[in-house]
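Peer 1: Note that this note's numbering has the sequence shown beginning at 361, numbered continuously upward.
The structure's right below; bear with me while I get my questions together.
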Amino acid sequence: MSSAAADVRTVFVVDDDASVRDSIALLLSLRGYRTAVFAKAEDFLQAWRPEWSGCVLTDIRMPGKSGLELQTELAAQGVGLPVVFLTAHGDVASARQAFRNAAVDFLVKPYDEVQLCAAIDAAFEREQMRLDALEQRRLHQARIAGLSAREREVMALMVRGLNHRDIGERLGISPRTVEVHKARVMAKLEANNLAELIRISSASSAP
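Take a look at the structure:
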């Protein structure tokens, strides 16, 4: 397997045909992509590390798990890597299932180099969006962790839509004290309004 650094987008090629793996790896490396190759879906799943990023380029029919089963297993394990299919055994049913499970593209061998690279670029764009959302969630979680216990209580009730008086009654504090806590929550989370606070709260708890 080619090395796959955590901070470099990698095309994880999963194909049981050694000649196909080698030709794809050579083509992509010449075009500036980093690759890591695997002969079976099981090999990739066993080697997988959470810090890896990029996309999976997989065949459909392989010994052991199929490409579609690999896609399903990745989703079941919470692995968000985008998947591109490249197969000589494509059919409507397989393509429909692949796209239903959020495949980026479904290409047929012999592949067109331009289409293949375009599919990988599209997968990398989707991966960047996923990583950006993950980083944003981590930022929100860190800021929420910086709230005091009382501020988190006030925030939870604000997100539920309660007004200052109702929050005060729930917590046994005055509306004025609620105002103070609210101002601190908004400042610490860098939220300009209630809608942003709700978005931050939802994003921080997203899977």
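Ideal Cβ positions, reconstructed from N, Cα and C, are used throughout, including at glycine.
Any contact between the segment 411 to 429 and the segment 371 to 382? By contact I mean 3 or more CB pairs, one from each, below 8 Å.
Peer 2: yes
Peer 1: Taking C-beta to C-beta, are LEU446 and MET515 nearer than 8 Å?
Peer 2: Translated into the one-based positions of the sequence shown, residue 446 becomes position 86. Translated into the one-based positions of the sequence shown, residue 515 becomes position 155. No, the Cβ-Cβ distance between LEU446 and MET515 is not below 8 Å.
Peer 1: Thinking C-alpha only, which one of GLY414, CYS477, ALA453 and GLU529 is nearest MET489?
Peer 2: Working through the sequence shown from its first residue, we reach residue 489 at position 129. When each option's Cα is compared against that of MET489, the closest is GLY414.
Peer 1: How about GLU511 and VAL468: are their beta carbons less than 8 Å apart?
Peer 2: Locating residue 511 in the sequence shown gives position 151, where the first residue counts as 1. Locating residue 468 in the sequence shown gives position 108, where the first residue counts as 1. No, the pair does not count as a contact, with Cβ atoms beyond the cut-off.
Peer 1: Taking the runs of the alpha helix (DSSP H) that are 4 residues or longer, which of them lie wholly in the segment 503 to 544?
Peer 2: 509 to 519 and 524 to 531
Peer 1: Does DSSP put GLY414 in a helix, in a strand, or in coil?
Peer 2: For the purposes of this step, residue 414 is taken as the residue at position 54 of the sequence shown. Reduced to three states, the DSSP call for GLY414 is strand.
Peer 1: For a quick check, are the C-beta atoms of VAL530 and LEU549 less than 8 Å apart?
Peer 2: Residue numbering aside, residue 530 sits at position 170 when the sequence shown is read from its first letter. Residue numbering aside, residue 549 sits at position 189 when the sequence shown is read from its first letter. Inspection of the sequence shows that residue 530 is occupied by Arg rather than by Val. The answer is no: Cβ separation not under 8 Å.
Peer 1: Ordered along the chain, which non-local residues of its own chain (more than five positions away) have a Cβ less than 7 Å from that of VAL519?
Peer 2: Residue mapping note: residue 519 aligns to position 159 of the sequence shown, counting from 1. Closer than 7 Å at the Cβ level, and outside the excluded window around VAL519, lie LEU557, ILE558 and SER561.
Peer 1: Can the beta-carbon of VAL371 be found closer than 8 Å to that of ARG391?
Peer 2: Your numbering for residue 371 matches position 11 in the sequence shown. Your numbering for residue 391 matches position 31 in the sequence shown. Taking 8 Å as the Cβ cut-off, VAL371 and ARG391 do not qualify as a contacting pair.
Peer 1: Could you give the first and the last residue of the continuous beta strand (DSSP E) run that contains LEU390?
Peer 2: Residue numbering aside, residue 390 sits at position 30 when the sequence shown is read from its first letter. Segment 378 to 390 is the alpha helix (DSSP H) holding LEU390; no beta strand (DSSP E) there.
Peer 1: PHE404: buried (16+ other C-beta within 10 angstroms of its C-beta) or exposed?
Peer 2: Sequence index remark: in the sequence shown, residue 404 carries index 44 (1-based). Burial check for PHE404: the Cβ neighbour count within 10 Å reaches 16 or more, so the residue is buried.
Peer 1: For PRO410, which option in LEU441, VAL380, GLU485 and LEU388 has the closest C-alpha, if you only look at C-alpha atoms?
Peer 2: Within the sequence shown, the letter at position 50 stands for residue 410. Comparing Cα positions, the closest option is LEU441.
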